[in-house]
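Let me begin by presenting the structure, written as structure tokens, before commenting on it.
In the numbering used here, the protein residues as written are 590 to 848.
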């Protein structure tokens, strides 16, 4: 995909999994986007004048994210700071309590030691800071596994079906208080059904390719975005857990008590 198409499909209207009304950003926040990919969440943070650090293993995705931030700077669409680093998104060379906010979108299902990954995220989150962890829903993962023998056997792909209550318990055990749960991307559920039916590695097959164009179009259509929100109550692709790391001595104060 050429850079011009990157800008049209990604920077202008990003497909966000995290709801930033539930994970509110404040100007100047230091934000980690763990497993940032092409930067869809990082770009939003940049627009909100945050300092964003994106990490990912895929070099091409990082180059795309850097290019998009550069275009945003040219267009004066944000006054944040952004740095993108290649590295393991769950092995962090940072001290305890470094980040005000952390986004970890669709990463945990790829990680061999998910409990260690959650512990690392909790370690580097500042007291009072908030985190959003998103994973595929168990229902859709069961469906895709049934439809395609390759789904859980593709190198670099998913290695487990994440059970939300187990993930929430792991977060709580590491000192994170889950305060909200969200769902997203119901339109993507049928897309991956099509990918499984027509072949996971045949992204350009006519039917999946046509549906992918619909997904891009839906980002720019208010009625379709509303329809997807309704669909999220019935067949979401992703579940989001929002949590806060309490400040020392905060007791039972809720998530609104800190930054």
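Cβ atoms here follow ideal geometry from the backbone N, Cα and C, with glycine treated the same way. All figures in this text were calculated on a predicted structure; none of them were measured in a lab.
Proximal residues to residue i (C-beta, below 7 Å), its chain only, five neighbours per side dropped
i	result
residue 783	796, 797 and 800
residue 627	599, 650, 653 and 654
residue 865	Beyond the ends of the chain as shown, which are 590 and 848, falls residue 865; an answer cannot be given.
residue 789	737, 739, 740 and 743
Three-state secondary structure assigned by DSSP to residue i
i	result
residue 810	coil
residue 639	coil
residue 803	helix
residue 752	coil
residue 716	strand
residue 767	strand
residue 707	helix
residue 815	helix
residue 670	strand
residue 786	helix
residue 700	coil
Beta-carbon proximity of residue i to residue j, cut-off 8 Å
i	j	result
residue 722	residue 770	no
residue 724	residue 698	yes
residue 618	residue 690	yes
6 Å CB neighbourhood of residue i in its chain, flanking five on each side removed
i	result
residue 750	727 and 730
residue 646	none
residue 642	621 and 672
residue 709	679 and 681
residue 778	729, 824 and 826
residue 692	607, 622, 630 and 721
Classification of residue i by the beta-carbon crowding that lies within 10 angstroms, buried from 16 upward
i	result
residue 833	buried
residue 812	exposed
residue 821	buried
residue 637	buried
residue 819	exposed
residue 772	buried
residue 701	exposed
Residue(s) in a DSSP beta bridge with residue i
i	result
residue 634	Beta-bridge pairing links residue 634 to no other residue.
residue 721	692 and 831
residue 773	827
Neighbourhood of residue i by C-beta distance below 8 Å, restricted to the same chain and skipping five residues each side
i	result
residue 838	none
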